[in-house]
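See below for the structure under consideration.
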Amino acid sequence: MEDRELVIIGGGPAGYVAAIRAAQLGGRATVVEMDALGGTCLNRGCVPSKTLLHSAELYETMKKSEQFGIMARDVSADLARMQARKNTVIKTHVSGVESLLKGNKIEVIRGCARLLPSLQVEIESGEGQKQVVQAQKIILATGGKPISLPIPGADSASGIINAEEILNLESIPKSMIMIGGGVIGIEMATILAKLGCQVSVVEMLPHILPLEDAEMTAVLAKALKDDGMQLYEGTRVLQIEDNAGGKSVTISDGKTEQKLEAEVVAIAVGYRPSTDNLGLEEAGVKINKGAIQVNERMETSVPGIYAAGDATGGIMLAYVAMEEGIIAAENAMGRSATIDYQVVPRFTHSLLELASVGLTEEEAKSQGYEIKTGRFPFAANSIATILGERRGLIKIITESKYGQILGVHILGPRATELIAEATLAMKMEATVADIVATLHAHPSLSEAMHEAALDVTGETIHYPSKNR
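For the sequence shown, numbering that gives the first Met the number 0 begins at 0 and goes up steadily by one.
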């Protein structure tokens with residue numbers, strides 16, 4: 000039996016980042032991964048989806064290029080070429096991860112790992128060969144997998160696809176019903192809608208993107224509907240059936256039932272921890288509904304075994320997984336590190352980008368805060384006008400007495416980039432007065448943040464404030 004200092008099971012964002020951090024601290028890390036390095040985000044999630052979305056956005060922009068003075072006629076979308084470019088982007092960054100691990104002298108073993116008692120790990124290669132290694136420390140970073148729903152007919156109806164399969168479509172369907180109006184469902188629906196597919200989204204909860212501020216999602220929902228997408232919020236799926244033209248989906252809002260028809264049905268309702276067949280019970284690692292239980296140091300119930308990323312069932316975001324991987328690696332290497340989930344930005348790439356950090360208005364009120372809010376619409380921002388997208392706004396939620404920033408929500412162009420300022424401000428415990436006192440470039444999208452901060456006290460310059 001061979002010895003290993005640190006065995007990391009999984010080569011996704013949590014796993015490969017943990018390996019690099021351990022190497023930086025002088026450790027000898029071994030990553031066990033059967034599939035391509037980079038995990039779901041790089042191979043089947045965020046990176047391929049954003050690549051296809053960028054192509055779809057370019058296509059949409061070129062179709063309306065005349066408003067920018069560019070005459071582009073007979074523009075068409077070639078999905079095969081989009082897919083080829085997507086695959087090139089993935090391959091480029093997978094190679095980048097491989098180079099990073101090689102440069103840090105990290106061993107990569109191709110295979111599936113299973114825990115054994117006493118910090119032993121059994122590794123089975125694709126050819127069925129098995130080896131057992133003795134680890135000093137172990138980090139579990141096995142990621143997540145798409146959730147399936149027990150919808151009547153879902154198993155018997157043919158051709159129902161999940162989010163990962165959408166990213167590998169060979170042709171653009173004429174119509175699609177998306178079951179799930181969360182981040183993944185809305186992003187996938189947006190890609191296909193921009194490419195000409197008629198999309199209907201069915202969301203069980205009262206509004207799409209249910210973790211986001213209700214005011215912001217209402218504005219986004221209106222924009223999606225204005226652009227031709229059908230939204231069914233507060234609606235359950237009762238049954239899926241095959242029909243002559245594709246699929247039939249029976250839905251109910253609690254009062255009435257109706258049938259929707261489309262060529263394709265997709266289910267995108269999130270991910271669950273991928274912890275099956277990992278040997279957790281045999282090794283004594285406690286789980287809760289399939290999620291590995293950890294503390295703020297990413298320690299499991301077994302000394303010497305840590306876990307990070309989607310396998311823990313926490314905030315399922317790649318950049319959160321990376322941070323958790325770093326914390327796990329530092330503690331495995333003898334440091335004392337903890338993770339802070341108080342300031343975690345979120346984002347959704349849709350018709351309008353939606354990004355946020357901190358509390359929603361509903362959450363702030365439910366937690367007992369006396370709040371003040373400031374808003375500034377992108378319709379009053381010159382760069383938004385130049386870009387041709389004036390819909391959306393920035394909303395800042397503050398504690399009324401001292402101006403503590405409780406949450407920031409951005410719906411509009413390049414929101415994912417703009418949220419970084421708010422994230423840093425909250426992390427540094429800046430107040431809304433600090434944002435007001437900070438010069439912002441003009442013309443820029445970022446100055447909308449400055450104006451929203453001014454609006455908290457009714458002092459906006461470029462838009463009439465309702466707080467005066």
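Don't be surprised by glycine CBs; every beta carbon is placed ideally from N, CA and C. Just so it is clear, the structure is predicted and the values come from calculations on it, not from any experiment.
- The straight-line gap separating the alpha-carbon atoms of Val201 and Ile314 is approximately 23 angstroms.
- Nearest C-alpha to Gln23 among Leu444, Ala331, Glu56 and Tyr462: Ala331.
- Leaving aside the five residues that flank Ser174 on each side, the residues in its chain whose CB is nearer than 6 angstroms to its CB run, in chain order, Gln197, Ala261 and Glu262.
- For Ala192, the closest of Pro442, Leu405 and Gly227 by C-alpha to C-alpha distance is Gly227.
- Thr311 carries a helical assignment under DSSP once its states are collapsed to helix, strand and coil.
- By the Cβ neighbour-count rule, Arg43 is buried, with 16 or more other Cβ atoms within 10 Å of its own.
- For Tyr368, there is no enclosing beta strand (DSSP E), as DSSP marks it with neither H nor E.
- Distance from Glu1 to Leu115 at the Cβ level is roughly 14 angstroms; contact not present, criterion being Cβ atoms closer than 8 angstroms.
- Contiguous beta strand (DSSP E) elements confined to the stretch 69-120 occur at 106-108 and 111-115, taking only those with 3 or more residues.
- By the Cβ criterion, the stretch 384-393 is in contact with the stretch 411-420, since at least three pairs of Cβ atoms, one from each stretch, lie closer than 8 angstroms.
- Counting C-beta pairs with one atom in each stretch, the stretch 401-409 and the stretch 357-366 have three or more that are closer than 8 angstroms, which means they touch.
- DSSP, read as helix, strand or coil, puts Pro149 in coil.
- A check of alpha carbon separations from Ile105 across Val16, Ile178 and Lys224 identifies Val16 as the nearest.
- Beta-bridge analysis with DSSP links Glu398 to Ile370.
- The residue from Ile8, Thr29 and Leu386 with its alpha-carbon nearest to that of Leu57 is Leu386.
- Contact between Ile239 and Ile159 holds: CB atoms are separated by about 7 angstroms, below the 8 angstroms threshold.
- With distances taken between CA atoms, Val31 lies nearest to Arg109 out of Leu5, Lys63, Arg109 and Ile165.
- The alpha helix (DSSP H) runs of length 4 or more contained entirely in the stretch 126-211 are, from start to end of the chain, 162-165 and 182-193.
- Contact between Leu219 and Leu353 is confirmed by a C-beta separation of about 6 angstroms, below the 8 angstroms threshold.
- Secondary structure at Ser335: coil, using DSSP grouped into helix, strand and coil.
- Around the beta carbon of Leu230, 16 or more other beta carbons lie within 10 angstroms, which makes this residue buried.
- Where Asp2 is concerned, the enclosing beta strand (DSSP E) starts and stops at Glu1 to Ile8.
- Among the bridge pairs identified by DSSP, Lys49 is matched with none.
- Counting only residues of its own chain and dropping the five nearest sequence neighbours on each side, Ala379 has a CB closer than 6 angstroms to the CB of His461 and Tyr462.
- Sequence-distant partners of Arg271 (beyond 5 residues in either direction) whose C-beta falls short of 7 angstroms from its own C-beta, in its chain, are Gly143, Lys144, Ile146 and Gly289.
- A distance below 7 angstroms between beta-carbons, with the five flanking residues on each side excluded, links Ala383 to the following residues of its chain, in chain order: Phe377, Arg389, Gly411, Pro412 and Leu444.
- With fewer than 16 other beta carbons inside 10 angstroms of its own, Ala419 counts as exposed.
- The residue among Val301, Thr234 and Gly26 with its C-alpha nearest the C-alpha of Lys254 is Thr234.
- DSSP places Tyr15 outside any beta strand (DSSP E); the residue lies instead in the alpha helix (DSSP H), whose first and last residues are Pro12 to Gln23.
- Between Ile395 and Val431, the C-beta gap is smaller than 8 angstroms, which places the two residues in contact.
- In the DSSP assignment, no residue is bridged to Thr456.
- Counting the other CB atoms within 10 Å of its CB gives His449 a total of 16 or more, which places it among the buried residues.
- The DSSP-derived three-state label of Val319 is helix.
- Secondary structure note for Ser251: its beta strand (DSSP E) is the uninterrupted segment Gly245 to Ser251.
- Taking Val93 as the centre and dropping the five residues before and after it, the same chain places the C-beta of Ala35, Leu36, Gly37, Leu41 and Asn42 closer than 8 angstroms to its C-beta, in chain order.
- A Cβ-Cβ separation of about 17 angstroms leaves Ile19 out of contact with Leu139 under the 8 angstroms criterion.
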